[in-house]
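**Student:**
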Amino acid sequence: MYKKIDLTKLNIEDNYLPESFNGCRILHVSDLHNCDFGDRQEKLIQLSRQQKPDYIFMTGDMIDQYHAGMKQACLYIRGLIKTAPVFYVTGNHEWEIQEEVRRAFFSFLRRSGVVILHDEIIELKKEESSIQLIGIDDPYAALRKLGKIDDSLFAKYFLKRLSILNQRKKGMYTILLSHRPEFINYYSKVKINLVFSGHAHGGQFRLPILGSVLAPHQGFFPKYAEGIICKEDTSMIVSRGLGDSLFPVRIGNFPELLLVTLYKK
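Numbering (this note's numbering), first residue to last: 18 to 282.
Structural data, given as structure tokens:
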């Protein structure tokens, strides 16, 4: 059970953001991995509610193939649902877990009012303006369609899907929810304005001077483990996440909730 949670506050300034979204507050939640934060997840729920977000973005791996069931994830999400609209994309663990658990979890999300974006685009509207929100499934979803494939084919398949999805209206500000930060070159290539991502767990272990040590699909000393990362006109926010998976500890790297405020530059 985790006790300490870091609340990290970040600001994003962008010329292209519609004026009506100036000051918009987004709670970014990622990689809970069905971990326990105490009595019915109350500490985590209260900290999340206190931020008074306009939207809640969840970027996958809220359940875990190594942590049985989905109870802790469901308790947390149930406690959030009346706080703000919740939008969800899958991580790799949603596709690696047992089929019956995945189906039950997706059913719970839908019944609870969570919007699951399976390679989908929606518009978020405020006053007379809109921004485009894209949600893309983790590449592991491709295993169900294409069978076992190597990393290069994963990447090509992912880029193709992302390019098809990003048929945005001219001039519309676009936010992408995608579990994988290591694909930042693809996000930049299709000119996404802002990306919310997770997966890297902040490098799992953080050492003085050296920083992040290890991240899935990035290896040792990952480049894309936390914070704001910019590539050309694309900004990407990477959450350190809340839980753990195969490695049951985090060193120098507390669980993290992110509060992101958008500003018109």
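C-beta: ideal position from N, C-alpha, C; glycine also. From a predicted model like this one, the values you see are computed outputs, not experimental measurements.
1. Say whether the segment 54-73 touches the segment 109-129, bearing in mind that this needs 3 or more beta-carbon pairs closer than 8 Å, one atom from each stretch.
2. DSSP three-state call for I139: helix, strand or coil?
3. Quick check on the burial criterion: 16 or more other C-beta atoms within 10 angstroms. Buried or exposed for Y280?
4. Would you kindly check if the distance between the Cβ of L194 and the Cβ of F104 is under 9 Å?
5. Quick one: what's got a C-beta closer than 7 Å to G188's C-beta in the same chain, skipping five residues either side?
6. Checking 9 Å against the spacing of the C-beta atoms, do D78 and H50 come in under that value?
7. At the level of alpha carbons, what is the spacing between L182 and E137?
8. Return helix, strand or coil for Q63, following the three-state DSSP convention.
9. Is the beta carbon of Q82 less than 9 Å from the beta carbon of D53?
10. Going by DSSP, what residues sit across from R42 in a beta bridge?
11. For Y33, which residues of its own chain have a beta-carbon under 8 Å away from its beta-carbon, when the five flanking residues on both sides are left out?
12. For the alpha helix (DSSP H) holding S129, just list the boundary residues, first then last.
13. Kindly indicate if chain B contains any beta-carbon less than 9 Å away from that of L150.
14. Along the chain, where does the alpha helix (DSSP H) that runs through Y204 open and close?
15. Considering only DSSP beta bridges, list what K248 is partnered with.
16. Within a Cβ cutoff of 6 Å, which residues of the same chain sit near P102, ignoring the five residues on either side of it in sequence?
17. Per DSSP, which one or two residues make a beta bridge with D31?
18. Would you mind sorting P225 into buried or exposed? The rule is 16 or more other CB atoms within 10 Å of its CB.
**Tutor:** In this structure, then:
1. Taking 8 Å as the limit for Cβ pairs, the verdict is that the segment 109-129 does not touch the segment 54-73.
2. Taking the first residue of the sequence shown as position 1, residue 139 is located at position 122. DSSP places I139 in strand when its eight states are reduced to three.
3. The residue you call residue 280 lines up with position 263 of the sequence shown. Exposed, by the Cβ-count rule.
4. If you number the sequence shown from 1, residue 104 lands on position 87. If you number the sequence shown from 1, residue 194 lands on position 177. Yes; because the gap between Cβ atoms is below 9 Å, this pair is in contact.
5. The residue labelled residue 188 in the question sits at position 171 within the sequence shown. Same-chain partners within the cutoff: there are none.
6. Stepping through the sequence shown from its first residue, residue 78 is reached at position 61. Stepping through the sequence shown from its first residue, residue 50 is reached at position 33. Between D78 and H50, the CB-CB gap stays under 9 Å.
7. On the sequence shown, position 165 is the one that residue 182 refers to. On the sequence shown, position 120 is the one that residue 137 refers to. Distance between the alpha carbons of L182 and E137 is about 7 Å.
8. Locating residue 63 in the sequence shown gives position 46, where the first residue counts as 1. Three-state DSSP puts Q63 in a helix.
9. Sequence index remark: in the sequence shown, residue 82 carries index 65 (1-based). Sequence index remark: in the sequence shown, residue 53 carries index 36 (1-based). No, the Cβ-Cβ distance between Q82 and D53 is not below 9 Å.
10. The residue labelled residue 42 in the question sits at position 25 within the sequence shown. Answer is T278, bridged to R42.
11. Sequence index remark: in the sequence shown, residue 33 carries index 16 (1-based). Closer than 8 Å at the Cβ level, and outside the excluded window around Y33, lie G188, Y190 and N210.
12. As a first step, residue 129 must be located in the sequence shown, where it is residue number 112. That run of the alpha helix (DSSP H) goes E116 to S129.
13. The chain inventory of the structure shown lacks chain B, comprising one protein chain alone.
14. In the sequence shown, residue 204 corresponds to position 187, counting from 1. Annotation: the continuous alpha helix (DSSP H) that includes Y204 extends over I201 to K206.
15. Working through the sequence shown from its first residue, we reach residue 248 at position 231. K248 pairs with T251.
16. If you number the sequence shown from 1, residue 102 lands on position 85. Answer for P102: Y72, listed in chain order.
17. Position 14 of the sequence shown, counting from 1, holds the residue named residue 31. In the DSSP output, where bridge partners are listed per residue, D31 has K281.
18. Position 208 of the sequence shown, counted from the first residue, corresponds to residue 225. When all chains shown are included, P225 counts as exposed.
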